[in-house]
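These notes concern the structure reproduced below.
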Amino acid sequence: MKNHQTQVRVRYSETDQMGVVYHGNYVPYFEIGRVEWLRNKGVSYKSMEESGIGLPIVNMNINYKKSARYDELLTIHTTFKSHSSVKIEFDCAIYNEANELLTTATFILVFVALKTGRPTAPPEYILEIFKSLE
């Protein structure tokens with residue numbers, strides 16, 4: 007399955023005085039979505055890092071359409087888009103409780119060897135996930 011959904015409730019500390027989510031707080035929401043996408047596929051991001059593989063963002067594009075507000079339950083949609091020898095790309099979206107589209111984003115991440123900081127091939131268990139998605 008290429009898609010995964012997870013939910014997060016907007017905390018007071020993530021908003022401004024008007025109860026609107028600060029734009030920088032969407033990035034952690036999307037990170038929650040990507041980490042949970044991996045977990046849903048049986049991959050612990052923590053374990054991957056402990057084995058020496060990191061997955062930093064090298065490109066992101068966020069399109070804000072409507073504000074999220076304090077105490078709303080947000081649904082984060084994370085969709086696997088593509089992969090190459092060292093990269094993985096996701097399309098993401100956040101919806102509110104009324105199922106209104108609030109924000110869309112694309113992320114490109116690169117598998118890196120944490121010891122060297124250099125790009126590396128994904129681990130075999132990630133390659134198996136890619137195969138299952140084709």
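The working numbering numbers the first residue of the sequence shown as 7 and each following residue consecutively.
By construction, the Cβ of each residue, glycine as well, lies at the ideal position given by its N, Cα and C atoms.
No experiment lies behind these values; they were computed from the predicted model shown.
- Judged by DSSP in its simplified three-state form, Phe-136 adopts helix.
- Counting along the chain, the unbroken beta strand (DSSP E) around Met-66 starts and ends at 63 to 70.
- Tyr-28 counts as exposed, since fewer than 16 other beta carbons sit within 10 angstroms of its beta carbon.
- Looking only at Ser-73, Tyr-35, Ala-111, the smallest Cα-Cα distance to Met-24 is reached by Ser-73.
- Here the C-alpha atom of Tyr-18 lies approximately 35 angstroms from the C-alpha atom of Val-118.
- Secondary structure remark: continuous beta strand (DSSP E) runs of at least 3 residues inside the region 13 to 93, in chain order: 63 to 70, 79 to 89.
- Asp-77 sits away from Lys-87, with the two beta carbons spaced by 7 angstroms or more.
- In the three-state scheme derived from DSSP, where H, G and I count as helix and E and B as strand, Glu-106 is classed as coil.
- With 16 or more neighbouring CB atoms inside 10 Å of its own CB, Leu-108 falls in the buried class.
- Its chain contains Tyr-131, Ile-132, Ile-135 as the residues whose beta carbon lies nearer than 8 angstroms to that of Val-49, once the 5 sequence neighbours on both sides are disregarded; these appear in chain order.
- For Ile-94 against Tyr-35, the beta-carbon gap comes to about 19 angstroms, at or over 8 angstroms, which does not count as contact.
- Between Thr-112 and Lys-8, the C-beta gap is not smaller than 7 angstroms, which leaves the two residues out of contact.
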